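Residue numbers (the working numbering), protein chains in the order written: chain A, -2 to 1038; chain B, 549 to 895.
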């Protein structure tokens, strides 16, 4: 329900003014008061206060007026507070008003207005209450905040009510003390009694006003609100009856009507009552001026009520009254608040009425719309409460094309209004994007213009509002730097000002967007197929550094300035995210610590940080053992504990609403639970992993089986099954493990993937790698018992799979074989005799490969293209490590006879002879020189090249650089080993062999100074040292070039 | 008529409309009525016959004349005039069928009052000063023997001042100043002095001051004389603003203190004069308050209100209150589009 500002002019102010115009005022005092009233009516409160200061020292101003200067100043300040916009300034005014009234009372305790001043002091409580209620109505208040503010406002009103009630009783008692009849000659006594009557009236009206204000602290339409409105109306009616011959009594009648107006929508009987009051008041004379003012205010209410009532006859009557008023409008009503309110409401009433007209009333409609248009245009020409709304009215279809002259604004207020119009238009529904962009650009231009034209005395909060709008508009337009700069300025320079928090939020968002964009460009530049441009990369990296610094700065400022507020939590969240992106885990942890314990974002952030700690652990645990700074096991353990603790806390927070019922299971929560399962698995606690997988409400496996939407993203389900498989295997729940494996296979098949078989193979391979990684980690951490337990569990499982008669596929069997081989590798010591445990797994792998071949032969499974050679080579590897060299070589030669260039097979052939060399030293020689045979007409067909020829074949091939060094290294190694145990062929040639081995190494250093990089150079170096030592030299190794 | 309308309007009672009179009635400024037969009319006096006894009333004592046989709408029109409802009065006068009028004095009345209403509307800011001036000029040119003649000259002078044609205004005021009655002389001299003052030159200001002094020196009593002497004091104060602003200020303040509270025109003039003097003295703050008095309390004195708005616009701008400056400027332009304060920014 609309109620313009004038409507809130309380009884106290009007009546106080009227009281001050008590009978017996001198002409000079009366003129002074009328002047003061006029300044207030124009809203020139500062000038009114200046006038009062001036009047104090002006000899032309009589004592009667001078005595009440502080009282009048208090009234002026109350009015200024009422019409002000910024809360801090309004409260300042109220504080100053209190000071002035107190001063007045101190200096004029016996003054006839002393009682009124006391009433005004109580009225200050009402004003403070109003501020609370207005703050509650603000859009950026949460429901809880609104509720609290309304309660606070109500409390202040109730306090004021008590004061007014006490004053009323006091005045009633005081009135009773006067004799019933006072002779005319007793002028002083008569005046005193009159004053008490007026004070009593003032307190009574204030009481009714407070009831009305209390009604507004309840929801519209609620029973409480209705009750208070009725109580207020009844009280106003009572005072009207009692004081109908006084102006104050007439105001009571008007406010009574206002109560009926607000009751009417829920109870139609009140319409008649409201209009009845209006008619009583509009029958009053137009003079003197105070009556005119009352009638104007009544007419405004009448028009508002007619618009709400909507009945055509009522609207017609209202329009007739409005038109009569315009004909008799006075010059001072051109731009007065009431005059503008009347015109605006007159226009709106006409708009309401024309909707009811039939088609055949086109002429009447046109005539009325012309009147309305004139009214709106008039209002647009005058700064005030209705100016912007009037402009909006002129944009209605009824006035198509009548928006007024399209010229640039000539002053600050006009620029602001036009800018706000443009901004509002960007929110119009159904507007094409180009139009929205145009209005946005207009709004920016106009606000910037307004900033240039701002007067020196403009309220700083108004400027801050503009700054906030510009921040938002820049953001919406994609001008991110401008948005960030403006929002950041607002947040830092005016943290308590309008829009500061929102400005900070937009600033953070703008910097984050720039940051993310820069990161994307960096990634693209680095991955560029044309080759990375180092300068471009440098520039982008510098930009990222700069933007990150800005982001951190504003986020910290936001978090420190508004602790506990949503913006602060967002800031911490942003700092955590970007710290993780920048790989600053410690900083992320620090910021997490600063997040509020009750912050709704805390859980999510804990999960992010927890997962990063876990990733950190995984990366560190995979570092080579001979790294310069190998990870300390205690550090690794701490990382695991940190990761687990952080994730568990986060999950505990995020699962609460789910456990309480009704809470949503988000992907973040599900992913975090899966992470915890993986941590449990990775840290050798498979039972904990299973707990997380099988949790009744949020278990990853539980959710996947239930088909929860939270598990639909990415490869979540696949990961869950893989984790479940490994976990069950680890605790030897083989049935569940098998079920998980079957579900995994089913998932891949159902995906509709055309290459489902390949995908499944890849899945199994990745599963095998994970297992291998796990075993490797455990081995490095020297957790042998755990390692054996994990391996043991897997062995059982794999055996089980292998034994299945049904349900196996190439993928599953291949995975079994590869897993065994991987496990064997973990237990193996390359270059040495095969350990027993490794032999076991190599044997199982070999059996698995045989099973695959058998099933392929029986056409029970189908291998992907190119898979046969690969399997054979792997089988040959197993046989080699099992010491079945001939069997291995038979397989390798069979491949190489047909496809001599298969490098993997050539490598395996050379290795086989090399391994055989441990038993028969001549094997080393063959490993170096290769093995030939007759093939067709070719007598010396080198079926196996050996290290020498292999190196020659790949020396010029960049992609095979590693193989080259592998071949050259092993060549030197074979020669060295041969030297240690020369075959008959090289008997007594030990030193020659050693010298040759030494040359083998040194020639590589000479020809390829990098010697294969960090992978092979250390190997060459150690080998050379061994050679030197065997030669009796010092183990100096490779000399620095 | 101007002064009579302003000062006596409240006290006048409505005359019942009589479709046809059997006699003429001369209403005097002392509220007496002479029921008679008007026998002669000149710019100086109105001659009559009252039951065979001849008599005359000097024009300065004639408030209005109701002629026998005049249309009833003229009564309605006069009623509007006394309430300063010039548009309504004009509308009523326009309804009079002049072709049916045989009495030339009635015809002259109609012409004069129409011109008079147009002039008042123009001076009030809602009409065209030039068009109104033409009408009044036509009357004054054609009816030099009318009892309205001097009033017509006075109104013409006012219109010429409003149009910024001060020298021409002087000439018409000069004719009024030659009237044989002190109140007319005083009024005319004050008006002439204001017109000279508005021209802004030192010579004209000196001439104006002489005129004001001559008014102050006149040995005339009565409320009307007192009012004119007050105006002359204000005019003189304006003349002295450059020489001795404090003295001017003090003089104006005395006028304000002494003036009848109901004399809105006097107060408007006084506060504007005070404002100008304070501006000269460099006291912008008090000058603002002075002009605001006119804007807030005496806005229904059009020319004064226009001047006050003009000064307020400049002061608000100087004080950095651009919004208020814009509002007052807009009001000046809208309310008084033809005023010299709007068009030329003052004298």
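From the three backbone atoms N, C-alpha and C, an ideal C-beta is built for every residue, glycine too.
Only a predicted model underlies this, so the values are computations on that prediction, with no experimental measurement involved.
From the options, residue whose alpha carbon lies closest to that of residue i
i	options	result
residue 666 of chain B	B:649, B:641, B:650, B:689	B:641
residue 454 of chain A	A:687, A:41, A:991	A:41
residue 585 of chain B	B:864, B:579, B:601	B:601
residue 963 of chain A	A:982, A:931, A:96, A:1014	A:1014
residue 804 of chain B	B:793, B:775, B:791	B:775
residue 484 of chain A	A:473, A:474, A:646, A:505	A:505
residue 598 of chain B	B:587, B:891, B:862	B:587
residue 149 of chain A	A:164, A:160, A:131	A:131
residue 113 of chain A	A:62, A:785, A:195, A:157	A:195
residue 730 of chain B	B:712, B:713, B:707, B:771	B:771
residue 435 of chain A	A:471, A:465, A:209	A:471
residue 837 of chain A	A:273, A:823, A:849	A:823
residue 101 of chain A	A:87, A:88, A:116	A:116
Short Cβ contact (8 angstroms threshold) for residue i with residue j
i	j	result
residue 842 of chain A	residue 882 of chain A	no
residue 655 of chain A	residue 694 of chain A	yes
residue 618 of chain B	residue 574 of chain B	no
residue 966 of chain A	residue 1016 of chain A	yes
residue 66 of chain A	residue 77 of chain A	no
residue 255 of chain A	residue 291 of chain A	no
residue 947 of chain A	residue 907 of chain A	yes
residue 97 of chain A	residue 81 of chain A	no
residue 61 of chain A	residue 23 of chain A	yes
residue 811 of chain B	residue 823 of chain B	no
residue 1102 of chain A	residue 120 of chain A	The displayed coordinates of chain A run from -2 to 1038. Any statement about residue 1102 of chain A would go beyond what the structure contains.
residue 911 of chain A	residue 959 of chain A	no
residue 214 of chain A	residue 151 of chain A	yes
Own chain, CB closer than 6 angstroms to residue i, minus 5 neighbours either side, in chain order
i	result
residue 759 of chain B	737, 740, 741
residue 761 of chain A	808, 812
residue 656 of chain B	691, 694
residue 19 of chain A	Legend: pLDDT at residue 19 of chain A = 45, less than 50; position of this residue unreliable, value from coordinates given subsequently. Result list for residue 19 of chain A: empty, nothing under 6 angstroms.
Cβ neighbours of residue i in the same chain (closer than 7 angstroms, five flanking residues each side left out)
i	result
residue 143 of chain A	133
residue 588 of chain A	569, 572, 573, 576
residue 877 of chain B	861
residue 884 of chain B	673, 850, 854, 890
residue 826 of chain A	832
residue 558 of chain B	Low local confidence applies: a pLDDT of 35 at residue 558 of chain B is under 50, so the model's placement there is unreliable, with the coordinate-based value given in what follows. Result list for residue 558 of chain B: empty, nothing under 7 angstroms.
residue 223 of chain A	260, 263
Own chain residues within Cβ distance below 8 angstroms of residue i, not counting five before or after
i	result
residue 766 of chain A	819
residue 563 of chain B	Since pLDDT at residue 563 of chain B reaches only 35, below the 50 mark, its modelled position is unreliable, and the value read off the structure follows with that caveat. Excluding positions up to five away in sequence, the list reads 614, 623, 626, 627.
Integer Cβ distance of residue i from residue j, believed to fall under 8 angstroms
i	j	result
residue 800 of chain B	residue 827 of chain B	Wrong, their Cβ atoms sit about 13 angstroms apart, outside the cutoff.
residue 614 of chain A	residue 631 of chain A	That belief does not hold up - the Cβ atoms of residue 614 of chain A and residue 631 of chain A are roughly 13 angstroms apart, past 8 angstroms.
residue 376 of chain A	residue 409 of chain A	Between residue 409 of chain A and residue 376 of chain A the Cβ distance is about 18 angstroms, and since that is not below 8 angstroms, they are no contact.
* Residues in the region 443 to 454 of chain A having any Cβ partner in chain B nearer than 8 angstroms -> Cβ contacts with chain B: 450, 452, 453, 454.
* Cβ-based contacts, 8 angstroms cut-off: residues of the region 322 to 346 of chain A near chain B -> Within the region 322 to 346 of chain A, the residues whose Cβ lies closer than 8 angstroms to some Cβ of chain B are 327, 328, 329, 331, 332, listed in chain order.
* Anything in the region 48 to 63 of chain A with a Cβ closer than 8 angstroms to a Cβ of chain B? List those residues in chain order, please. => The region 48 to 63 of chain A vs chain B, Cβ under 8 angstroms: 48, 51, 57.
* Below 8 angstroms between beta carbons is the criterion; list the residues of the region 795 to 807 of chain B that meet it against any residue of chain A, in chain order. => 801, 804, 805: these are the residues of the region 795 to 807 of chain B whose beta carbon lies less than 8 angstroms from some beta carbon of chain A, given in chain order.
* To do: Name, going along the chain, the residues of the region 841 to 852 of chain B whose beta-carbon falls closer than 7 angstroms to a beta-carbon of chain A.
  => Within the region 841 to 852 of chain B, the qualifying residues are 841, 844, 845, 847, 848.
* **Under 9 angstroms (Cβ pairs) to chain B, residues found in the region 401 to 420 of chain A** => Under the 9 angstroms Cβ criterion, the region 401 to 420 of chain A contributes 407, 408, 409, 410, 411.
* Return the residues of the region 818 to 839 of chain B that lie within a Cβ-Cβ distance of less than 9 angstroms from chain A, sorted by chain order. => Residues 833, 834, 836, 837.
* **Under 8 angstroms (Cβ pairs) to chain A, residues found in the region 659 to 680 of chain B** => Result list empty, no residue passes.
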